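Student: Supplied in C-alpha cells, the structure appears directly below.
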Ligand code: CP
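Residue numbers (UniProt numbering): 17 to 329.
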C-alpha cells in the first residue's frame, strides 16, 4: 500500500521518478497513444469535498486511460448529509473494492487521516492550504519540458502564498530539485517564515522581474480568507498583475505558468495568459500524464517498497 500525501515527504529521486514516468505518458499522448491497459481490474474513487475542474477530471481521465474503473463520488448527494463521517464514507467505498482514493478536502490533513484508516492507496488532491502534490508535480514537469531543467532556475511564486497549497507543494518540489524559489506578493499574503527553509521572499514583483526564469501566478483565494481581503482586487491587480508592460521587463525566455483557475485581469491579463510565453494549457495536458504516473506507480508498478513512492520504469 502506497500513498502520495505531499511533496514534503518525497525525496528528489522519487520526484524525478514520477516526472520521468509522466514524461513517457506525455510523449505517448503526443504520438496519439491515449489508451493503456496497465490498471485493468483496478478501481479508483474521486472523493472531492471541494469543487474542481482540472484535478477531478484529469484524475478521472488518467485512471480511465490506464484501463481502471472510476467512481465519481458526489459529496452533495451522499450520506454525509445524514451525519456519516468522512472516514466512514471512505471505508464504505473501500469495502466495495477500491484500490485508490483521490481526496480533496478543505481541512488540512484529511488525506493523512484517511491513509491511517484505509488499506488502499490515498492520493492528496488538495487539503486546505497545506499541499496539492500533483499540481506541484505537473508545474515542475512543465518547467522541465519547456526549459530543459529545474536545477539552477529562479522560480517566483506570485500571489496568495498564505492560502496556497500549490505554493507549498511547489516550494518543496522545486527546492528538492535545486531551483531557487522566490515567494512574492503583498505582505498580508507572504510570510517571512519561508526564509528559514531557504526560500527568498519579496513584496515587489517589479523588483524581482528581471531575474526570474519562471513566474507561477497564483490566484487570490478569497474563499479561504476570513476577513475583508487586503489588498483589494483592484489594488492587487495594480501591483501584481502580469501584463504586457511587465512582460517587457522579464528575461527573453521567461516561462509563465498558473495552476488555474485564472482570473483574467487580476493576476494575469488575457494577452499574457494566451501569449507565447504562457504554458497554462500545456500544464493541464501534463496534469493528466502526471496523474497517470502517480496512479500507476502507487497501485501497480512492479518492485515497489512501501510509502510514499518507490518505483521506476
Ligand atoms: N489547479 C487546480 O487544482 O484546479 P481545480 O481546482 O479546477 O482542480
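Cβ coordinates follow ideal geometry from the N, Cα and C atoms, glycine included.
The structure presented is a predicted model; accordingly, all values stated were derived computationally and were not measured.
Is there contact here, the segment 42 to 50 with the segment 117 to 131, by at least three beta-carbon pairs under 8 Å?
Tutor: The segment 42 to 50 is not in contact with the segment 117 to 131.
Student: Decide if the segment 80 to 92 is in contact with the segment 148 to 161; the criterion is three or more beta carbon pairs, one per stretch, under 8 Å apart.
Tutor: No, the segment 80 to 92 is not in contact with the segment 148 to 161.
Student: Just to check, is the beta-carbon of residue 307 closer than 7 Å to a non-hydrogen atom of the ligand CP?
Tutor: For the purposes of this step, residue 307 is taken as the residue at position 291 of the chain shown. For the ligand CP, not one heavy atom lies less than 7 Å from the Cβ of residue 307.
Student: Mind listing, in chain order, the continuous beta strand (DSSP E) runs of no fewer than 3 residues lying wholly within the segment 188 to 246?
Tutor: With a minimum length of 3 residues, the continuous beta strand (DSSP E) runs that stay inside the segment 188 to 246 are 196 to 200, 216 to 218 and 230 to 233.
Student: Write down every uninterrupted run of the alpha helix (DSSP H) in the segment 246 to 291 whose length is 4 residues or greater and which is fully enclosed by it, in chain order.
Tutor: 249 to 256, 260 to 263 and 286 to 289, all fully within the segment 246 to 291.
Student: Looking at the ligand CP, does it come within less than 7 Å of residue 184, judged from the CB to the closest heavy atom?
Tutor: As a first step, residue 184 is located in the chain shown; it is residue number 168 there, counting from the start. The answer is no for residue 184.
Student: Can you look up residue 27 in the DSSP assignment and give me helix, strand or coil?
Tutor: Residue mapping note: residue 27 aligns to position 11 of the chain shown, counting from 1. Looking at residue 27 - three-state DSSP - the assignment turns out to be coil, as it is neither helix nor strand.
Student: Where do the N-terminal and C-terminal ends of the alpha helix (DSSP H) with residue 166 fall, by residue?
Tutor: Locating residue 166 in the chain shown gives position 150, where the first residue counts as 1. Note, residue 166: premise wrong, no alpha helix (DSSP H); not H, not E.
Student: Less than 7 Å between the CB of residue 275 and some heavy atom of the ligand CP, yes or no?
Tutor: Counting from 1 along the chain shown, the entry for residue 275 is found at position 259. Answer for residue 275: yes, Cβ within range of the ligand CP.
Student: Applying the criterion that 16 or more other CB atoms from any shown protein chain within 10 Å of the CB defines a buried residue, is residue 101 buried or exposed?
Tutor: Along the chain shown, one-based indexing puts residue 101 at 85. Residue 101 should be labelled exposed.
Student: Is residue 151 a contact residue of the ligand SAH, with contact defined as CB to any heavy atom under 7 Å?
Tutor: Of the ligands this structure carries, namely the ligand CP, none is the ligand SAH.
Student: So what does DSSP say about residue 142, is it helix, strand or coil?
Tutor: Taking the first residue of the chain shown as 1, we reach residue 142 at position 126. If DSSP states are grouped into helix, strand and coil, residue 142 belongs with the strands.
Student: By alpha-carbon positions, which one of 182, 178 and 213 ends up nearest to residue 192?
Tutor: The residue you call residue 192 lines up with position 176 of the chain shown. Nearest C-alpha to residue 192: 213.
Student: Look at the alpha carbon of residue 167 and the alpha carbon of residue 297, and state the distance between them as a whole number of angstroms.
Tutor: Within the chain shown, the letter at position 151 stands for residue 167. Within the chain shown, the letter at position 281 stands for residue 297. Computed Cα separation, rounded: 23 Å.
Student: Closest to residue 114 by C-alpha separation, out of 122, 146 and 86, would be which residue?
Tutor: Residue numbering aside, residue 114 sits at position 98 when the chain shown is read from its first letter. Comparing Cα positions, the closest option is 86.
Student: Using DSSP with H/G/I as helix, E/B as strand and the rest coil, what is residue 45?
Tutor: As a first step, residue 45 must be located in the chain shown, where it is residue number 29. Residue 45 falls in the helix class under three-state DSSP.
Student: Are the beta-carbon atoms of residue 142 and residue 181 separated by less than 8 Å?
Tutor: Against the chain shown, residue 142 aligns to sequence position 126. Against the chain shown, residue 181 aligns to sequence position 165. Yes, the Cβ-Cβ distance between residue 142 and residue 181 is below 8 Å.
Student: Would you kindly check if the distance between the Cβ of residue 103 and the Cβ of residue 60 is under 8 Å?
Tutor: Here residue 60 refers to the residue found at position 44 of the chain shown. Here residue 103 refers to the residue found at position 87 of the chain shown. Not closer than 8 Å, so no.
Student: Looking at residue 187: is its Cβ nearer than 8 Å to the Cβ of residue 174?
Tutor: As a first step, residue 187 is located in the chain shown; it is residue number 171 there, counting from the start. As a first step, residue 174 is located in the chain shown; it is residue number 158 there, counting from the start. Not in contact: residue 187 and residue 174 (Cβ atoms no closer than 8 Å).
Student: Should residue 149 be labelled buried (16 or more other beta-carbon atoms within 10 Å of its own) or exposed?
Tutor: Taking the chain shown and counting its residues from 1, the one referred to as residue 149 is at position 133. By the 10 Å Cβ count, residue 149 comes out buried.
Student: Could you tell me the distance, in whole angstroms, from the CA atom of residue 80 to the CA atom of residue 169?
Tutor: The sequence position of residue 80 within the chain shown is 64, counting from 1. The sequence position of residue 169 within the chain shown is 153, counting from 1. Their Cα atoms are separated by approximately 35 Å.
Student: Give me the DSSP bridge partner(s) of residue 120.
Tutor: In the chain shown, the residue the question calls residue 120 occupies position 104. In DSSP, residue 120 forms a bridge with 64.
Student: Alpha carbon to alpha carbon, how far is residue 146 from residue 24? Give it in angstroms, no decimals.
Tutor: Working through the chain shown from its first residue, we reach residue 24 at position 8. Working through the chain shown from its first residue, we reach residue 146 at position 130. Rounded to the nearest angstrom, the two C-alpha atoms are 10 Å apart.
Student: Which of helix, strand or coil does DSSP assign to residue 56?
Tutor: Counting from one through the chain shown, the residue named residue 56 turns up at place 40. It is coil, neither helix nor strand.
Student: Looking at residue 68 and the ligand CP, is the gap between the Cβ and the nearest heavy atom below 7 Å?
Tutor: Taking the first residue of the chain shown as position 1, residue 68 is located at position 52. Under cutoff, so the answer is yes.
Student: Out of 38, 138 and 43, which has the shortest C-alpha to C-alpha gap to residue 22?
Tutor: As a working mapping, residue 22 is identified with position 6 in the chain shown. Considering only alpha carbons, the answer is 138.
Student: Should residue 238 go down as buried or exposed, given a rule of 16 or more other Cβ atoms within 10 Å for buried?
Tutor: Counted from its first residue, the chain shown places residue 238 at position 222. Under this definition residue 238 is an exposed residue.
Student: Mark residue 30 as exposed unless 16 or more other C-beta atoms lie within 10 angstroms of its C-beta, in which case mark it buried.
Tutor: Counted from its first residue, the chain shown places residue 30 at position 14. Looking at its Cβ environment, which holds 16 or more other Cβ atoms inside 10 Å, residue 30 is buried.
Student: So residue 228 and residue 210 are in contact, right, with Cβ under 8 Å, and what is the actual spacing, rounded?
Tutor: The residue labelled residue 228 in the question sits at position 212 within the chain shown. The residue labelled residue 210 in the question sits at position 194 within the chain shown. 16 Å between Cβ atoms; not a contact.
Student: In angstroms, rounded to a whole number, what distance separates the CA positions of residue 264 and residue 225?
Tutor: In the chain shown, the residue the question calls residue 264 occupies position 248. In the chain shown, the residue the question calls residue 225 occupies position 209. One C-alpha to the other measures close to 10 Å.
Student: Does the beta-carbon of residue 135 have 16 or more other beta-carbons within 10 angstroms, so that it is buried, or is it exposed?
Tutor: As a first step, residue 135 must be located in the chain shown, where it is residue number 119. Classification of residue 135: exposed, given that the 10 Å Cβ count is below 16.
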